[in-house]
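S.K.: Here it is, the structure, as structure tokens.
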Amino acid sequence: MVECFDRIHLQLAELVLRPLRELHQQPHLTAVTVRPPGRGPRVRVTVSKTWLDGPECPPSYFWTASEIATAGDDLPGGPVWTDDASHDSPEAAYWAAVDEIATSRCRPALRQ
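If you count the sequence shown from 1, position 106 lands on 161 in this note's numbering, and the numbers rise without skipping.
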């Protein structure tokens, strides 16, 4: 049973990471928004690509996230998270967002 669950979890992660990989590979894309899988309140994570040192240098990636009001609504309805740190890849930015959101939910008094 655990092995099946692990495979399903891995496939879900691959589906979420696919747009992030496209952001890295395609120069014309500047941002993607994904919804991490989970049972808790729905969250929308946007990873943006910026060339801080000019187009001849590798891009930097930043993230923002917001809780969505209801399952059928895309309007923010809860906390909003941001991070000013730059990341080397969109996946690194995404996982930093996931970690920050999880940490803030473990400490409800510190929510923004």
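Even glycine gets a Cβ: it sits at the ideal position worked out from N, Cα and C.
Based on DSSP bridge pairs, tell me the residues matched to S121.
M.R.: In the sequence shown, counting from the first residue as 1, residue 121 sits at position 66. DSSP output for S121 lists R99, V135 as bridge partner(s).
S.K.: Between A120 and A152, how many whole angstroms is the CB-CB distance? I'm expecting something under 8 Å.
M.R.: For this step, residue 120 is matched to residue 65 along the sequence shown. For this step, residue 152 is matched to residue 97 along the sequence shown. The Cβ separation is near 5 Å, so the contact holds.
S.K.: May I ask you to report which of helix, strand or coil DSSP gives L165?
M.R.: Along the sequence shown, one-based indexing puts residue 165 at 110. Confidence is the limiting factor: at L165 the pLDDT is only 48, short of 50, which leaves the residue's position unreliable and the question unanswerable from this model.
S.K.: With distance defined between alpha-carbon atoms, name the residue in Q81, V98, H83 nearest to R90.
M.R.: Residue numbering aside, residue 90 sits at position 35 when the sequence shown is read from its first letter. When each option's Cα is compared against that of R90, the closest is V98.
S.K.: Quick one: what's got a C-beta closer than 7 Å to I156's C-beta in the same chain, skipping five residues either side?
M.R.: One-based indexing of the sequence shown puts residue 156 at position 101. Result list for I156: V98, A120, W136, in chain order.
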